[in-house]
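*Asks:*
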Amino acid sequence: MSVSEDHAVQPSPATPAAVSGIADPAPLGLGAFALTTFLLSAKNAGWMGSATGSAFLGYAFAYGGLGQLLAGMWEFRNRNVFGSTAFSSYGAFWIGLGLWFQLVAVPTLTAAKTPAALAAAGAQVNHDIGWILLAWAIFNTYMLILSTQTNAAVFAVFLTLEITEIILFIGNFAGSSGLVKTGGYVGLITALVAWYTSAAGVANGIGGRILLPVGRPLIA
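Note that the numbering used here has the sequence shown beginning at 169, numbered continuously upward.
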């Protein structure tokens with residue numbers, strides 16, 4: 169079973185796939201995921217000391233959210249069940265995270281009027297994030313296993329993402345700023361891996377002289 173050079177998420181079929189008539193949406197979805205993950209991970213890693221820390225929020229809706237959701241819909245058109253599930257789900261993840269931040273986290277923290285109340289509200293918010301990331305880590309686990317049938321680059325995206333989610337949900341449940349910071353650094357690595365995989369999809373889709381390897385499936 170060979171690896172498709174111009175489709176970063178599509179597992180290689182046993183027989184040639186019919187031409188869909190649309191461009192490969194995987195590089196768009198991966199790029200959207202990478203950029204939004206980078207912004208949030210930079211905050212978690214403590215890189216945004218002179219910023220608001222909410223730079224990720226608009227992009228959680230517009231790029232990581234809508235961009236990935238659109239990529240997922242186009243993957244349905246391509247009959248790519250893995251890509252459609254991954255991009256649609258993580259597009260919804262970013263939209264959901266943005267809504268939670270605006271509708272739950274901000275009002276909860278704003279309502280706290282004393283230092284003790286603010287500490288209690290902060291603990292509630294952290295536990296919310298912990299539960300959210302635990303649920304997504306469960307989803308990501310079976311996607312990680314199934315990504316072994318795509319290519320090495322896509323597998324690396326899901327592997328680094330799995331590690332990020334596990335560290336972050338443990339850190340948020342424990343109220344450990346050190347673990348959250350570590351999760352931020354691993355998230356930055358996840359973003360770089362996703363950006364590389366996106367770039368490979370664009371380069372290989374162009375079919376020009378610049379080609380980037382994505383590796384063979386771990387399970388062929």
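Glycine included, every Cβ here is placed at the ideal spot set by N, Cα and C. Keep in mind it's a predicted model, so treat the numbers as computed, not measured.
Hey, quick one: how far does the alpha helix (DSSP H) through V382 stretch, first residue to last?
*Replies:* If you number the sequence shown from 1, residue 382 lands on position 214. Taken as a continuous stretch (DSSP letters only), V382 belongs to no alpha helix (DSSP H), as it is neither H nor E.
*Asks:* Using a Cβ-Cβ distance under 9 Å, would I331 count as near chain C?
*Replies:* Judged by its chain identifiers, the structure shown contains no chain C, having just a single protein chain.
*Asks:* For W299, does the count of other Cβ atoms within 10 angstroms reach 16, so buried, or fall short, so exposed?
*Replies:* For the purposes of this step, residue 299 is identified with residue 131 of the sequence shown, where counting begins at 1. Burial call: exposed.
*Asks:* Check S172 in the structure and name its three-state DSSP category.
*Replies:* Numbered from its first residue, the sequence shown carries residue 172 at position 4. Its pLDDT being 43, under 50, S172 is placed unreliably in this model, and the coordinates cannot settle the point.
*Asks:* Please state whether the Cβ-Cβ distance between V436 and V325 is less than 9 Å.
*Replies:* This structure cannot speak to residue 436, because the chain is shown only from 169 to 388.
*Asks:* Taking all protein chains shown into account, do 16 or more other C-beta atoms lie within 10 angstroms of the C-beta of I306, making it buried, or fewer, making it exposed?
*Replies:* As a working mapping, residue 306 is identified with position 138 in the sequence shown. So I306 counts as exposed.
*Asks:* Let me make sure I understand the geometry here. Which of A287, T276, L196 and P193 has the alpha-carbon closest to that of G343?
*Replies:* What you label residue 343 is simply residue 175 of the sequence shown in a count that begins at 1. Ranking the options by Cα distance to G343, first place goes to A287.
*Asks:* Looking at C-alpha atoms only, which residue of P385, T204 and I357 is the closest neighbour of T316?
*Replies:* Here residue 316 refers to the residue found at position 148 when the sequence shown is read from its first residue. If we check each option's Cα against that of T316, P385 comes out closest.
*Asks:* Between N294 and the rest of its own chain, which residues show a CB-CB distance below 7 Å, the 5 nearest in sequence each way excluded?
*Replies:* The residue you call residue 294 lines up with position 126 of the sequence shown. Around N294: N340 and G343.
*Asks:* Can you tell me where the alpha helix (DSSP H) holding M241 begins and where it ends?
*Replies:* Residue numbering aside, residue 241 sits at position 73 when the sequence shown is read from its first letter. Counting along the chain, the alpha helix (DSSP H) containing M241 begins and ends at L234 to R245.
*Asks:* How would you call L312, buried or exposed, if buried means at least 16 neighbouring beta carbons within 10 angstroms?
*Replies:* Within the sequence shown, residue 312 is the residue found at index 144, counting from 1. Classification of L312: buried, given that the 10 Å Cβ count is 16 or more.
*Asks:* F255 and G439 - do their beta-carbons sit closer together than 9 Å?
*Replies:* This structure gives no information on residue 439, because the portion of the chain shown stretches from 169 to 388.
*Asks:* Which residues mark the beginning and the end of the alpha helix (DSSP H) in which G352 is found?
*Replies:* In the sequence shown, counting from the first residue as 1, residue 352 sits at position 184. That run of the alpha helix (DSSP H) goes S345 to I374.
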